[in-house]
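Residue numbering for the sequence shown follows our numbering, starting at 215 and increasing by one per position. Every residue, glycine too, gets a C-beta built ideally from N, C-alpha and C.
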Amino acid sequence: MRVPAAAIHFPEEDRQEILRRIDECLKSGQLTLGSIGKELEAEFAAAHDVPHAVAVSSGTSALEIPLRVLEANRGEVLVQANSFFATAAAVLSSGARLRFVDCDPATMALDPAAVEAAIGPDTVGVVTVHIGGYVPPSIRDLQRICDERGLWLVEDAAHAHGSSYQGQFAGTFGAAGSFSFYPTKVLAGGEGGMITTADDRIAAEALIYRDQGKASFDNNDHTRLGYNWRMSEPHAAITLSQLRRLDEFVGHRRAIAARYDELLADSPLQPLTIPAESSCNYYKYIAFLPDGVDRRALKQRLREEFQVALSGEVYETPLHQQSVFLPYADGPLPGAEELCARHVCLPVSAVMTEAQADLVVESVHAALAG
Ligand SMILES: Cc1ncc(COP(=O)(O)O)c(C=O)c1O
């Protein structure tokens with residue numbers, strides 16, 4: 215491939231530092247819930263300007279833990295239909311009832327009007343997702359609706375490390391935020407996740423839940439129905455090294471996105487509009503195809519004829535149409551369906567060159583014209 219779909223980047227000096235830290239934990243025997251995890255939590259909280267960050271085993275557990283603490287199982291949780299499997303799966307695993315709500319194709323996020331219309335007597339909370347790392351202005355509407363209706367808001371910020379709206383970071387708008395360090399994410403930890411919250415109680419409970427519901431690390435009194443949701447020290451070492459590159463990685467992604475914006479100014483491929491007050495980390499660079507284009511065929515042609523791989527969609531099929539969630543679907547959700555069908559994600563990474571961005575756009579234009 216002349217342009218791969220994604221690239222995971224660990225500079226040589228970072229690899230050396232990670233190995234040194236892992237060697238230290240091998241020598242000390244402190245392999246989980248140790249000082250590296252604590253350092254990661256403190257630095258992640260500082261980088262996102264939030265009082266608490268709790269490191270866990272995955273982005274999925276970073277969602278399920280706050281949902282359990284918030285007692286989502288008392289009722290129904292509204293979830294956007296345009297998301298990854300784990301957003302809805304975590305809601306079901308927490309014991310809550312799941313209700314899919316439509317998205318606004320202009321933002322790819324929950325449509326506030328659809329949320330208001332879906333609130334019923336059993337609704338306890340709302341889960342919104344910052345698709346592609348974009349925190350749209352409508353996050354304020356969601357906050358207001360939740361406040362007025364006595365609901366909690368949880369942000370699935372798996373895509374949104376370092377993204378912000380009006381200077382406020384993703385993961386700080388609701389009761390809790392959840393981040394993922396899956397290898398394809400802006401920060402690759404191998405596996406891992408982070409819960410962010412300003413609520414002292416949620417933070418304290420998260421520590422209990424992540425370690426088998428134990429009241430404390432060295433106490434065998436199990437007070438909650440927790441699980442093994444711990445992050446190991448080697449994973450914390452990898453993630454910490456990536457976190458220290460967050461500004462650099464996001465800065466590079468923004469430069470590539472700015473190049474795409476410039477090249478697509480008069481293109482039939484229309485980028486998702488991101489207003490100036492939203493600072494996107496460009497986990498994905500999202501653009502909409504003209505009507506009638508077969509996305510699968512286009513992607514295949516780009517790979518085979520131009521050696522350009524587009525990134526995975528966010529998402530190809532909305533959740534209410536995934537077979538496992540069919541029992542929870544109650545009718546069509548046209549916003550989510552339309553945006554899932556029509557968008558593509560141009561490749562972006564922390565090491566991609568401007569020449570590669572030029573090649574992507576030239577190739578897409580040639581493939582669309584042909
Ligand atoms: C929107 C969204 N939510 C949740 C997750 C789950 O994260 P993880 O794979 O780390 O469990 C992911 C990523 O894979 C995601 O993209």
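Between the alpha carbons of Val575 and Ala412 lies a distance of about 42 Å.
Ranked by Cα distance from His375, the first of Thr410, Asp318, Tyr474 and Glu278 is Thr410. Taking C-beta atoms as the reference points, Ala550 and Asp228 fail to come closer than 8 Å.
Proximity of the segment 382-399 to the segment 354-366 meets the contact definition, three or more beta-carbon pairs being nearer than 8 Å. Taking the C-beta atoms as reference points, Tyr529 is found no nearer than 8 Å to Phe314.
Judged by DSSP secondary structure, Asp414 falls within the alpha helix (DSSP H) whose first and last residues are Asp414 to Arg424. Proximity of the beta carbon of Ala372 to ligand 1 is indicated: a heavy atom of the ligand is located closer than 7 Å. Contact holds between the segment 395-403 and the segment 457-466, because three or more Cβ pairs, one in each stretch, are under 8 Å apart. Under the three-state reduction of DSSP output, Glu527 falls in the coil class, being neither helix nor strand.
Unbroken beta strand (DSSP E) stretches of 3 residues or longer found wholly inside the segment 513-579: 557-560, given in chain order. Leu477 and Met322 have their alpha carbons spaced roughly 22 Å apart. Scanning Leu233, Cys239, Met566 and Gly346 for the CA closest to the CA of Asn296 turns up Gly346. Counting of Cβ neighbours within 10 angstroms places Val538 among the exposed residues, the total staying below 16.
Looking at the DSSP output, Pro485 bridges to Ala501. No Cβ-Cβ contact shorter than 8 Å links Ala479 with Tyr499. At least one heavy atom of ligand 1 lies less than 7 Å from the C-beta of Tyr396. For Val270, there is no enclosing alpha helix (DSSP H); the enclosing beta strand (DSSP E) covers residues His266 to Val270. Under the 10 Å beta carbon count, Asn495 is surrounded by 16 or more other beta carbons and is classified as buried. Unbroken beta strand (DSSP E) stretches of 3 residues or longer found wholly inside the segment 299-362: 311-315 and 337-343, given in chain order.
Taking 8 Å as the cut-off, the beta carbon of Leu365 is found no closer than this to the beta carbon of Val343. 8 Å or more divides the Cβ of Val349 from the Cβ of Leu281. Spanning the alpha carbons of Glu255 and Ser492 requires a straight line of approximately 25 Å. Going by beta carbons, Leu324 and Leu356 fall inside the 8 Å limit. Annotation: the continuous alpha helix (DSSP H) that includes Thr453 extends over Glu447 to Leu457.
Between Trp443 and Arg415 the beta-carbon gap is near 18 Å, outside 8 Å, which marks them as no contact. Around the CB of Ser271, 16 or more other CB atoms lie within 10 Å, so the residue is classed as buried.
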